[in-house]
Amino acid sequence: MNLESKWLEDFSALAATRSFSQAAERRFVTQPAFSRRIRSLEAALGLQLVNRSRTPIELTAAGQLFLVTARTVVEQLGEVLRHLHHLEGGQGEVMQVAAAHSLALGFFPRWIAQLRNEGLNIATRLVATNVGDAVHALREGGCDLMLAFYDPDAALQMDSEIFPSLHLGDTEMLPVCAADADGKPLFDLEGEGSVPLLAYSAGAFLGRSVNMLLRQRALRFTTIYETAMADSLKSMALEGLGIAWVPQLSVRAELARGELVVCGGPQWHVPLEIRLYRCALVRKANVRLLWRKLEGGAAASA
Numbered sequence: 001m002n003l004e005s006k007w008l009e010d011f012s013a014l015a016a017t018r019s020f021s022q023a024a025e026r027r028f029v030t031q032p033a034f035s036r037r038i039r040s041l042e043a044a045l046g047l048q049l050v051n052r053s054r055t056p057i058e059l060t061a062a063g064q065l066f067l068v069t070a071r072t073v074v075e076q077l078g079e080v081l082r083h084l085h086h087l088e089g090g091q092g093e094v095m096q097v098a099a100a101h102s103l104a105l106g107f108f109p110r111w112i113a114q115l116r117n118e119g120l121n122i123a124t125r126l127v128a129t130n131v132g133d134a135v136h137a138l139r140e141g142g143c144d145l146m147l148a149f150y151d152p153d154a155a156l157q158m159d160s161e162i163f164p165s166l167h168l169g170d171t172e173m174l175p176v177c178a179a180d181a182d183g184k185p186l187f188d189l190e191g192e193g194s195v196p197l198l199a200y201s202a203g204a205f206l207g208r209s210v211n212m213l214l215r216q217r218a219l220r221f222t223t224i225y226e227t228a229m230a231d232s233l234k235s236m237a238l239e240g241l242g243i244a245w246v247p248q249l250s251v252r253a254e255l256a257r258g259e260l261v262v263c264g265g266p267q268w269h270v271p272l273e274i275r276l277y278r279c280a281l282v283r284k285a286n287v288r289l290l291w292r293k294l295e296g297g298a299a300a301s302a
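Going by full-length UniProt numbering, the first residue of the sequence shown is number 1, and it counts up by one from there.
In structure tokens form, the structure reads like this:
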């Protein structure tokens, strides 16, 4: 197989822009020349990487998987050259992590601090985003790792052989609201009337889990606010506007200070599992090192 590194950079640019003309401009070549280079890449691989019948263009399934390798090769080649020219001062690779917003704030800092205390000094770059965008980034090589809550029903719709995962911990979503003057919840889940609900917007994973609980327990409620972000629900709950189901790791401080209180007993809690995902096609040394350490820790605790 005879591949040119510039073709890999071309393909990465095309995946980023979804446009032959914009990608050609980014790569400082004419569009016809750029198109020929993409076809040369496809011919060398014996694969169709791009669906040209769609506007904007789309990557084929093979193209999505190859993009991970293309980006990894380009990044690693750049790392080697920077080291050879002494431009990074020996800092090594930076590991990019995409994480759900609540995990980025409530879990990631403690987790990284613990790893560093255990001697694993890896440079990281965190991108807080929604789960859908995080999955897209992992699939196309836009990040090295993804932190997300495990969805046992959908399993994030990723092939577990290509995108393996590790269990990092467990938490739960708690129904919380502001407290009255006596420190008691403003709203009662066990009462007769309807309660004001601060809800997740349609399609949000955390919202699906909450909605299942509400159906099971036949709670009477009136939705007064919707958003996809747990921290926004927490802010509304702090204002006394209703009850919100929020991951426990996001409300530790507010519960400790008494600014929020838990409504109802354990039957109203929703269990959550925290998982770390990677792409098996990525060969970054620091990702492999971290994965081996986490696998060893899981085996030791089993």
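Every residue gets a Cβ at the ideal spot worked out from N, C-alpha and C, and that includes glycine.
*Mind checking K6: buried by the 16 CB within 10 Å criterion, or exposed?*
exposed
*Among residues of its own chain, excluding the 5 on either side of L3, which ones have a beta-carbon nearer than 6 angstroms to its beta-carbon?*
A44
*In whole angstroms, what separates the C-alpha of D170 from that of L276?*
12 angstroms
*Under a Cβ-count criterion, where at least 16 other Cβ atoms within 10 Å of its own Cβ denotes burial, should E140 be classed as buried or exposed?*
buried
*How would you write the range of the beta strand (DSSP E) that R125 sits in, first residue to last?*
123-129
*Please work out which residues of its chain come closer than 8 angstroms, Cβ to Cβ, to T72, disregarding the five sequence neighbours upstream and downstream, and give them in chain order.*
G141, L281, V282, R283, K284
*Indicate the three-state DSSP secondary structure (helix, strand or coil) for H167 in the structure shown.*
strand
*CB-CB under 8 angstroms to I162, same chain, minus the five flanking residues each way: which ones, in chain order?*
L65, C279, A280, L281
*Sort S21, L41, R37, L67 by Cα distance to T55 and report the nearest one.*
S21
*In angstroms, rounded to a whole number, what distance separates the CA positions of Q91 and T124?*
Residue placement at Q91 is poorly supported in this model, since its pLDDT is 49, which falls under 50; the coordinates are not used for a value here.
*asked:* Could you pull the DSSP bridge partners for W245 from this structure?
replied: P175
*Distance, Cα to Cα, L145 vs N130?*
14 angstroms
*Rounded to whole angstroms, what's the CA-CA distance from A237 to S194? Just pull it up for me.*
16 angstroms
*Can you give me the Cβ contacts of F149 inside the same chain, cut-off strictly under 6 angstroms, excluding the 5 residues immediately before and after it?*
L272
*Buried or exposed (CB count within 10 angstroms, at least 16 for buried), K234*: buried
*Could you give the DSSP three-state label for P32: helix, strand or coil?*
helix
*Tell me, which residues are paired with Q96 by DSSP?*
R125
*Can you check whether the CB of L49 is closer than 7 angstroms to the CB of E58?*
no
*DSSP three-state call for T72: helix, strand or coil?*
helix
*Just curious, the alpha helix (DSSP H) that I274 is in, first and last residue?*
That residue, I274, is in no alpha helix (DSSP H); its beta strand (DSSP E) goes 270-278.
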